[in-house]
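Asks:
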Amino acid sequence: MHPASLLLHWSLTAGLPAALPSLSLELTVLYNSLLFAVSESDGLVEGEAERINHGLIRVLEACGVSGQDLSTEELWQKVLQDVTTEELCAPLHRLGALQGAVWLAANCLGSVTGLFRLLSDTKDPLPAAHGGENELLVLLKAWSVPVEGDTSPLVVQSTKDLKEILWTSAAFLQGLQGLEAGNLPTALSLLQAAASGFCSKRVLAQIYTSIGCCTQQMGKPQTALQHLKRALQVDFQCLSALSQAALVYRQLGETDAELEALALLYKALETPAQEAVSIDPCFLIRTELLVHTPALASLFSRSHPSEVKYLLAQRCLQAGRVAEAVEHYLDLLALLQEGPQHQVPLHGRSALPRIPEVFLEAASALEQLGRHQDAIAVCEEIISRTDDLIPETLRIELDSSAGGEAPGRAGSPSLGIPPQQRESLRCIVWRAAAYLHQGWAWARLGESKEAITRFTRCLNVLLRVQLVSAASIHSSEEMAEALPEAKVLQKIRLLALLGRGSQFQELGRDKEALMNFQHSLQVCPGDPAATSHLLRALWKLNRRQEAAALWQKLHADAAPADGQQEAPGRPYPLYLVSCLKQVSLPHDESLAGSLQDYLRTSGQDP
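Taken in order, the sequence shown gives residues -19 to -1, 1 to 587; the numbers are from mature numbering (1 follows the signal peptide of the UniProt record, and there is no 0).
1) Below 7 angstroms, is the gap between the Cβ of L228 and the nearest heavy atom of the ligand MG?
2) Restricting to runs no shorter than 4 residues, where is the alpha helix (DSSP H) found entirely within the segment 497 to 545?
3) Tell me the DSSP bridge mates of Q447?
4) Could you say if the segment 139 to 158 and the segment 85 to 96 meet the contact criterion of at least three C-beta pairs nearer than 8 angstroms?
5) Take K472 as the anchor and find which of R490, P509 and L6 has the nearest alpha-carbon.
6) Residue range of the alpha helix (DSSP H) that R39 falls in?
7) If you draw a straight line from the C-alpha of A356 to the C-alpha of V449, how long is it?
8) Anyone know if the C-beta pair for L350 and V303 falls short of 8 angstroms?
9) Expressed to the nearest angstrom, what Euclidean distance is found between the alpha-carbon atoms of V64 and L41?
10) Please report the distance separating the alpha-carbon of E161 from that of A278.
11) Could you give the first and the last residue of the continuous alpha helix (DSSP H) run that contains V93?
12) Can the beta-carbon of L240 be found closer than 8 angstroms to that of S284?
13) If you count every other CB in all the chains shown that lies within 10 Å of the CB of E527, and 16 or more means buried, which is it?
14) Comparing C-alpha positions only, which one of L535, G489, E487 and L519 sits nearest to P506?
15) So, is V272 buried or exposed, given that buried needs 16 or more other C-beta atoms within 10 angstroms?
16) Using three-state DSSP, classify E570 as helix, strand or coil.
17) For C297, name the three-state secondary structure that DSSP assigns.
18) According to DSSP, is D491 helix, strand or coil?
19) Excluding the 5 residues flanking A573 on each side, which residues of the same chain have their C-beta closer than 7 angstroms to its C-beta?
20) Is the distance from the Cβ of Q402 to the Cβ of L444 below 8 angstroms?
21) Assuming R412 and V442 make a contact with CB atoms under 8 angstroms, what is their CB distance in whole Å?
22) Please report the distance separating the alpha-carbon of D491 from that of E362.
23) Please report the distance separating the alpha-carbon of A477 from that of P337.
24) When you compare only the Cα positions, how much space is there between D368 and L341?
25) Nearest to C180 by alpha carbon, out of T167, G159 and D216?
26) Can you give me the C-alpha to C-alpha distance between C44 and L1, rounded to a whole angstrom?
27) Shortest alpha-carbon distance to L11 belongs to which of H35, S22 and E21?
28) Sorted by chain position, which residues of the same chain lie with C-beta nearer than 8 angstroms to Q354's C-beta, five sequence neighbours on each side aside?
29) For A168, which residues of its own chain have a beta-carbon under 6 angstroms away from its beta-carbon, when the five flanking residues on both sides are left out?
30) What residue range is occupied by the uninterrupted alpha helix (DSSP H) comprising K140?
31) For Y189 versus H208, is the C-beta spacing smaller than 8 angstroms?
32) Our contact map puts S139 next to L280 with C-beta atoms below 8 angstroms; I'd like the distance itself, whole angstroms only.
33) With a threshold of 6 angstroms on Cβ separation, who are the neighbours of E487 within its own chain once the five nearest residues in sequence on each side are excluded?
34) Quick check: L243 and L317, are their CB atoms within less than 8 angstroms of each other?
35) Quick one: measure Cβ to Cβ for A78 and L143, integer angstroms, because I've assumed they're closer than 8 angstroms.
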């Protein structure tokens, strides 16, 4: 224990009565001891409030007033109103500043405001300069710190310095709360005020980053970038500024700049952390110890290197930079297999999806790069890992009354599915998708029979799922909206049927190809790719009348009635994009011309 703390502990536990001549020294020792306790624990610890309360009670006892059974707010009110001794003015204001720090760290803004009304001898709320939220800043600015005399006991942190830190902390804290509540103009004003205050470089960088986040949400991305760059100039270790800059560049569509920011972020995270030099060691109470909000924790949570590496791979794949995507995905897979230190905790903010999806996206990138054997090997890893995780039959009864894990759109049912069943369903999706990718990889290698085997295995895996609809679910669209896995299962089944049908065509087995295309259109009625494949197969088998009827229906359904456009649905997983590209067929002008000629010669309206 620090010597000052020992002295105070001895005076209080020895049962000495409170006396006015020694109270100034006693309050100063209490103030210093609390500051040292904060310094040793690197944060405000439990017990400060009780020790401050005890000090206030001794002040009242010395003045012949009882302070028992009073709350902290009531104690301060009684002390500041009843104690008029000039020698106690400075020590009480000093202790009041420390009490304000304790309440500020606990986000008790109302209590802090009330305290500084008392310290400023202001009974009524002051007119705030920028709205009601800034009354506390006005009070702190107007608070007149008593002048310390030459004979006053020494303090380890002056009240004047603590006042400046309280003002900056109050502005920063309220700015973050405004940002969290979506009150952006007020948040921006408060954060800009905090940037002009007294704080360390680390906190100043956090303030600039918060301003950047705020202006980005206000639709000012260029202004946001200016503040984020300034944050990095102040403190290059403020990696959240880099992360936010990548988001802004993505919003602006500047892919090169976004990827550069992510690459710098990944390099910084992989580099051993240096000792922070931006915290001023001269002050025991600092802004870092006083500002705690969910917004601060969320905005400045440290990214995991694996998350950033995944974002690099994902964004490269989405931008069509396949070679770079493959490199990043392979690096990521190596990281994930090195050990637990590279595993990312699952939470709602994590950029990293489930590990099987990362493998599937890597396989998709490898396919697009023409590395089909590597894609097959990556998918085999998923197949082997999910072998014991799925049942022979998975029957899911969709109960709309139970309340689900993932609610659908407004007005759609919420499905109550046990977590174990939902996890089994996800494993089936991943396993089926792995077989699907293997099928397309073998097809690109010219191995049609092997491709057909993989597509068939994919379909067999999907047959294990039995979805029993609730009475309130009237269409497959409602089910897909309420249960996203159902929509993905449907699309995988479609892609597998189209892939198997196309490989039957490669082998000259046109009737079997036709059956697969017909089944695909039953799975997804009106799907353009399924319709195109079926149309070609019918024409090739000389079933002209059926082909012409289908073609007419396709064109009749192409334009929505009354100019209404179909609402975009939930996007498919990134790992299915390459398969979707492979089944899409370009428009065949010659086939369209042949169909029109057939309709004319048969007397029908083309």
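For every residue, glycine included, the Cβ atom is placed at its ideal position computed from N, Cα and C.
Replies: Reading from the atomic positions:
1) Ligands in the displayed structure: none, and consequently the ligand MG is not present.
2) Counting only runs of 4 or more, we get 509 to 521 and 525 to 537.
3) In DSSP, Q447 forms a bridge with R376.
4) The segment 139 to 158 is in contact with the segment 85 to 96.
5) The option with the nearest alpha carbon to K472 is P509.
6) Segment E29 to A43, the alpha helix (DSSP H) holding R39.
7) Going from the Cα of A356 to the Cα of V449 covers about 34 angstroms.
8) Closer than 8 angstroms, so yes.
9) The alpha-carbon atoms of V64 and L41 are separated by roughly 8 angstroms.
10) About 11 angstroms.
11) Unbroken alpha helix (DSSP H) run through V93: L90 to L100.
12) No Cβ-Cβ contact shorter than 8 angstroms links L240 with S284.
13) Answer is exposed; the Cβ neighbour count stays below 16.
14) Closest in alpha carbon position to P506, among L535, G489, E487 and L519, is L535.
15) Buried: at least 16 other Cβ atoms inside 10 Å.
16) E570 falls in the helix class under three-state DSSP.
17) Looking at C297 - three-state DSSP - the assignment turns out to be helix.
18) Residue state, collapsed to three classes: helix.
19) So the list is empty, once near-sequence residues are dropped.
20) Annotated as distal: Q402 and L444, with beta-carbon spacing of 8 angstroms or more.
21) Contact holds; Cβ gap of about 5 angstroms.
22) Each residue's alpha carbon lies about 33 angstroms from the other.
23) Taking the straight line joining both Cα atoms gives about 19 angstroms.
24) One alpha carbon belongs to D368, the other to L341, and they sit about 16 angstroms apart.
25) Among T167, G159 and D216, the Cα nearest to that of C180 is on D216.
26) C44 and L1 have their C-alpha atoms roughly 8 angstroms apart.
27) It is H35.
28) The residues A422 and L426, in chain order, have a CB closer than 8 angstroms to that of Q354 in the same chain once the five nearest residues on each side in sequence are set aside.
29) G156, G159, L160 and C195.
30) Note that residue 140 is Thr in the sequence shown here, rather than Lys. Counting along the chain, T140 sits inside the alpha helix (DSSP H) bounded by residues T140 to A162.
31) In this structure, the beta-carbon distance from Y189 to H208 falls below 8 angstroms.
32) Wrong, their Cβ atoms sit about 31 angstroms apart, outside the cutoff.
33) If we look at E487 and ignore the five residues flanking it on each side, its Cβ neighbours are S429.
34) Not in contact: L243 and L317 (Cβ atoms no closer than 8 angstroms).
35) A78 to L143, Cβ: 4 angstroms. Contact.
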